[in-house]
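Under the working numbering, the first residue of the sequence shown carries the number 46, and numbering increases by one thereafter. The C-beta atom is built at its ideal place from N, Cα and C for all residues, glycine as well.
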Amino acid sequence: MMSIMRKTSVNIRTTAKEASHERIVGAAARAIRRSGYDGTGVADIMKEAGLTHGAFYAHFASREAMLAEAADRAGAESNAVAASVIAAVPPDQSLQALLQAYLSKAHLEDIETGCPVSALGSEMPRQSPEVRLAATRRIKEMIDLVARQLPDWGQPSAHERALVTVATMVGTLMLARAVDDSALSDALCRATLKTLAPAGLEPTH
Numbered sequence: 046m047m048s049i050m051r052k053t054s055v056n057i058r059t060t061a062k063e064a065s066h067e068r069i070v071g072a073a074a075r076a077i078r079r080s081g082y083d084g085t086g087v088a089d090i091m092k093e094a095g096l097t098h099g100a101f102y103a104h105f106a107s108r109e110a111m112l113a114e115a116a117d118r119a120g121a122e123s124n125a126v127a128a129s130v131i132a133a134v135p136p137d138q139s140l141q142a143l144l145q146a147y148l149s150k151a152h153l154e155d156i157e158t159g160c161p162v163s164a165l166g167s168e169m170p171r172q173s174p175e176v177r178l179a180a181t182r183r184i185k186e187m188i189d190l191v192a193r194q195l196p197d198w199g200q201p202s203a204h205e206r207a208l209v210t211v212a213t214m215v216g217t218l219m220l221a222r223a224v225d226d227s228a229l230s231d232a233l234c235r236a237t238l239k240t241l242a243p244a245g246l247e248p249t250h
């Protein structure tokens, strides 16, 4: 009986620690997109997660380790959204639907839960190797996801087109967010959609 009680107590503590870890990573994934890597402090993340600052090192060896997990989580969330957009339409409409969703007004304004590449791309060269590794893995997933929507998927030409498509999507969103001219922001998104999705889609609102 005592052995069962001890095992139960350990399981409860493990589950609680895992739940706390999830809250920290989730808060950090939102924070890096909202405030950037340099603007994301441990104390603020722990407070947002509802935990004390002192509990941080029970979960991470360093701030960089937390940021790496946050980069991985943010990329995974973004790719999951993209995959859900693709799954909701017929295969021959998947790329157009993805482009329209990515360059939508809603995504443009939703930095905190949107694509981390467009939110953080300019900061990446100055990050630690572990943060860059995590982000790079998710960027490769994004490129592969786009390549899979192309009729010649599996061929070098599809991978090359996916590289250009992702680079253009991300660059467009970064510029559209950067300018303080809403008409220019809209024009950037429309021009990219017109070029990458010849069906003539407009950004959604």
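Considering residue i, what are the terminal residues of the alpha helix (DSSP H) in which it resides?
| i | result |
| --- | --- |
| Asp-231 | 227-241 |
| Gly-84 | That residue, Gly-84, is in no alpha helix (DSSP H); it is neither H nor E in DSSP. |
| Glu-205 | 201-223 |
| Pro-174 | 174-192 |
| Gln-138 | Counting along the chain, Gln-138 falls outside any alpha helix (DSSP H), and DSSP gives it neither H nor E. |
| Asp-155 | Premise fails: Asp-155 is in no alpha helix (DSSP H) and is neither H nor E. |
| Asp-117 | 108-132 |
| Leu-165 | 161-165 |
Below 8 Å CB to CB, which residues in the same chain sit around residue i once its five sequence neighbours on both sides are set aside?
| i | result |
| --- | --- |
| Ile-184 | Gly-120, Val-162, Val-211 |
| Ala-110 | Glu-175 |
| Leu-148 | Met-214, Thr-217, Leu-218, Ala-221, Cys-234, Thr-237, Leu-238, Pro-248 |
| Glu-168 | Gly-81, Tyr-82, Asp-83 |
| Ala-64 | none |
| His-204 | Ile-188, Ala-192 |
What does a CB cutoff of less than 7 Å around residue i pick up in its chain, not counting 5 residues either side in sequence?
| i | result |
| --- | --- |
| Leu-241 | Leu-144, Thr-210, Thr-213 |
| Arg-108 | Val-87 |
| Gly-216 | none |
| Trp-198 | Ala-192 |
| Arg-206 | Leu-195 |
| Glu-157 | Arg-75, Arg-78, Arg-79 |
Exposed or buried, which one is residue i when buried takes at least 16 other CB atoms within 10 Å?
| i | result |
| --- | --- |
| Tyr-82 | buried |
| Asp-208 | The question names Asp, but residue 208 in the sequence shown is Leu. With fewer than 16 Cβ atoms within 10 Å of its Cβ, Leu-208 is classed as exposed. |
| Arg-75 | buried |
| Ser-227 | exposed |
| Ser-129 | exposed |
| Gln-172 | buried |
| Thr-60 | exposed |
| Ala-113 | buried |
| Thr-85 | buried |
Leaving aside the five residues before and after residue i along the sequence, list all residues of the same chain whose C-beta is less than 6 Å from its C-beta, in chain order.
| i | result |
| --- | --- |
| Ser-230 | Ala-221, Val-224 |
| Ala-43 | Given that the chain is displayed from residue 46 to residue 250, the structure contains no residue 43 and the question cannot be resolved. |
| Asp-254 | Residue 254 lies beyond the stretch modelled for the chain, which goes from 46 to 250, so this question has no answer here. |
| Val-134 | Ala-142 |
| Ala-164 | Arg-78, Ile-156 |
| Met-91 | His-98, Phe-101 |
Take residue i as the anchor and find which of the options has the nearest alpha-carbon.
| i | options | result |
| --- | --- | --- |
| Asn-124 | Met-91, Leu-96, Ala-146 | Ala-146 |
| Leu-153 | Arg-177, Ser-65, Ala-232, Ala-64 | Ala-232 |
| Val-126 | Met-187, Lys-150, Ser-167 | Met-187 |
| Ala-103 | Leu-190, Lys-62, Ala-151 | Lys-62 |
| Gly-159 | Arg-79, Arg-177, Thr-60, Ala-100 | Arg-79 |
| Arg-177 | Met-91, Ala-100, Ala-115 | Ala-115 |
| Leu-190 | Pro-201, Ala-151, Leu-140 | Leu-140 |
| Thr-97 | His-66, Ala-113, Leu-112, Pro-170 | His-66 |
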